[in-house]
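Beneath this line is the structure, given in structure tokens, with notes to follow.
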Amino acid sequence: GQNIDQPTEMTATEGAIVQINCTYQTSGFNGLFWYQQHAGEAPTFLSYNVLDGLEEKGRFSSFLSRSKGYSYLLLKELQMKDSASYLCAVKVQAGTALIFGKGTTLSVSS
Amino acid sequence: DTEVTQTPKHLVMGMTNKKSLKCEQHMGHRAMYWYKQKAKKPPELMFVYSYEKLSINESVPSRFSPECPNSSLLNLHLHALQPEDSALYLCASRSGPEGTEAFFGQGTRLTVV
Chain A
50 GQNIDQPTEM TATEGAIVQI NCTYQTSGFN GLFWYQQHAG EAPTFLSYNV
100 LDGLEEKGRF SSFLSRSKGY SYLLLKELQM KDSASYLCAV KVQAGTALIF
150 GKGTTLSVSS
Chain B
37 DTEVTQTPKH LVMGMTNKKS LKCEQHMGHR AMYWYKQKAK KPPELMFVYS
87 YEKLSINESV PSRFSPECPN SSLLNLHLHA LQPEDSALYL CASRSGPEGT
137 EAFFGQGTRL TVV
């Protein structure tokens, strides 16, 4: 089966940095995605990694290690609006849909 | 236009009703998906259409029937649903099976009574 693990909940304060980890054991690997989802809304795309290393996009960065089956999403200069669920998703092979982890609910307080 | 539009936004239906969910995109995407999401759970894949052909059906009960009438539209026909089918139904599209970013619609919040 496919297994994607993330912490269930995390808390942080405004202005801080938070790292959300994701580990995966899947039958194949063709890319890892991070999505942000606010309550009652659709997921929105944050980042995509298919090769090892760090991808940076503004306040958000995502890292991938394929040999370790590990990724993290790094959020800097946290803002209240960053309170949301963060979903790690893996595309197991080319042409298939995304398989989602259970998501990490991040609460940012002032 | 980078939108995936789903209608209706909310739907309440009885267990004997027949209804349809609609999804539309005009980005020229050739891969479209239906996901089901229960509260505080991740989206679960239901169906994948690739170039208007059903390529994946994740063992979804036959009371859910997808249809892709053309490259811009994806429907989900509902019949004889159960209360446990109440969920957020999300449509997504990607440029093609090899595409990267998937765009999600806002979802249809379905309640079965």
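In the order they appear, the protein sequences are chains A and B.
158 is the number that the numbering used here gives to position 109 of the first sequence; each next residue is one higher, with no gaps.
77 is the number that the numbering used here gives to position 41 of the second sequence; each next residue is one higher, with no gaps.
Glycine included, C-beta positions come from ideal geometry on N, C-alpha and C.
C-alpha distance - residue i paired with residue j, whole-angstrom precision
i: A:Ser159; j: A:Glu63; result: 5 angstroms
i: A:Thr60; j: B:Lys54; result: 43 angstroms
i: B:Gly50; j: B:Glu103; result: 22 angstroms
i: A:Gly80; j: A:Asn70; result: 16 angstroms
i: A:Gly77; j: B:Leu117; result: 34 angstroms
i: A:Gln128; j: A:Ala138; result: 24 angstroms
i: A:Gly150; j: B:Asn106; result: 31 angstroms
Partners in chain A for residue i, counting only beta-carbon separations shorter than 7 angstroms
i: B:Gln142; result: Glu90 and Ala91
i: B:Ala116; result: In chain order: nothing, as chain A lies at least about 26 angstroms away.
Range covered by the beta strand (DSSP E) that runs through residue i
i: A:Gly102; result: Gly102 to Lys106
i: B:Thr41; result: Val40 to Thr43
i: A:Phe112; result: Phe109 to Ser114
i: A:Gln85; result: Leu81 to Gln86
i: B:Phe83; result: Glu80 to Ser86
i: B:Glu103; result: Phe100 to Asn106
i: A:Lys130; result: It is not in any beta strand (DSSP E) - A:Lys130 carries neither H nor E in the DSSP assignment.
i: A:Leu147; result: Leu147 to Phe149
i: A:Asp54; result: Asn52 to Asp54
i: B:Thr136; result: It is not in any beta strand (DSSP E) - B:Thr136 carries neither H nor E in the DSSP assignment.
i: B:Arg130; result: Ala123 to Arg130
i: A:Ser158; result: Thr153 to Ser158
i: A:Glu63; result: Run containing A:Glu63: none; DSSP gives neither H nor E here.
Burial state of residue i, where buried means 16 or more other Cβ atoms lie within 10 Å
i: A:Ile148; result: buried
i: A:Asp131; result: buried
i: A:Asp189; result: What is shown of chain A runs 50 to 159, which leaves residue 189 of chain A out entirely.
i: A:Ser156; result: exposed
i: B:Val149; result: exposed
i: B:Thr136; result: exposed
Partners in chain A for residue i, counting only beta-carbon separations shorter than 9 angstroms
i: B:Tyr69; result: Ala146 and Leu147
i: B:Pro44; result: Per Cβ cutoff of 9 angstroms: no residues; B:Pro44 is ~15 angstroms from chain A at best.
i: B:Thr147; result: None at all; the shortest Cβ gap to chain A is about 14 angstroms.
i: B:Leu90; result: In chain order: nothing, as chain A lies at least about 12 angstroms away.
i: B:Leu110; result: Within 9 angstroms Cβ-Cβ: nothing; B:Leu110 doesn't reach chain A, min ~13 angstroms.
Residue i beta carbon near the ligand NAP (any heavy atom closer than 8 angstroms)
i: A:Val99; result: The ligand NAP is absent from the structure shown, which contains no ligands of any kind.
Within chain A, partners of residue i - CB distance below 8 angstroms
i: B:Thr41; result: Chain A residues near B:Thr41: none, gap ~11 angstroms exceeds 8 angstroms.
Under 7 angstroms from the C-beta of residue i: neighbouring residues of chain B
i: A:Leu136; result: Pro78
Partner residues on chain B for residue i, Cβ-Cβ distance less than 9 angstroms
i: A:Tyr97; result: Thr136 and Glu137
So, does the segment 37–48 of chain B touch the segment 78–88 of chain B, judging by three or more C-beta pairs under 8 angstroms? No, because fewer than three Cβ pairs between the segment 37–48 of chain B and the segment 78–88 of chain B fall closer than 8 angstroms, the two stretches do not touch.
How do the segment 56–66 of chain B and the segment 90–106 of chain A stand: do at least 3 beta-carbon pairs fall below 8 angstroms, yes or no? Touching, no, given that fewer than three Cβ pairs across the two stretches are closer than 8 angstroms.
Measuring CB atoms only, is the segment 118–133 of chain B touching the segment 67–75 of chain B, in the sense that at least three cross pairs come out at less than 8 angstroms? Touching, yes, given that three or more Cβ pairs across the two stretches are closer than 8 angstroms.
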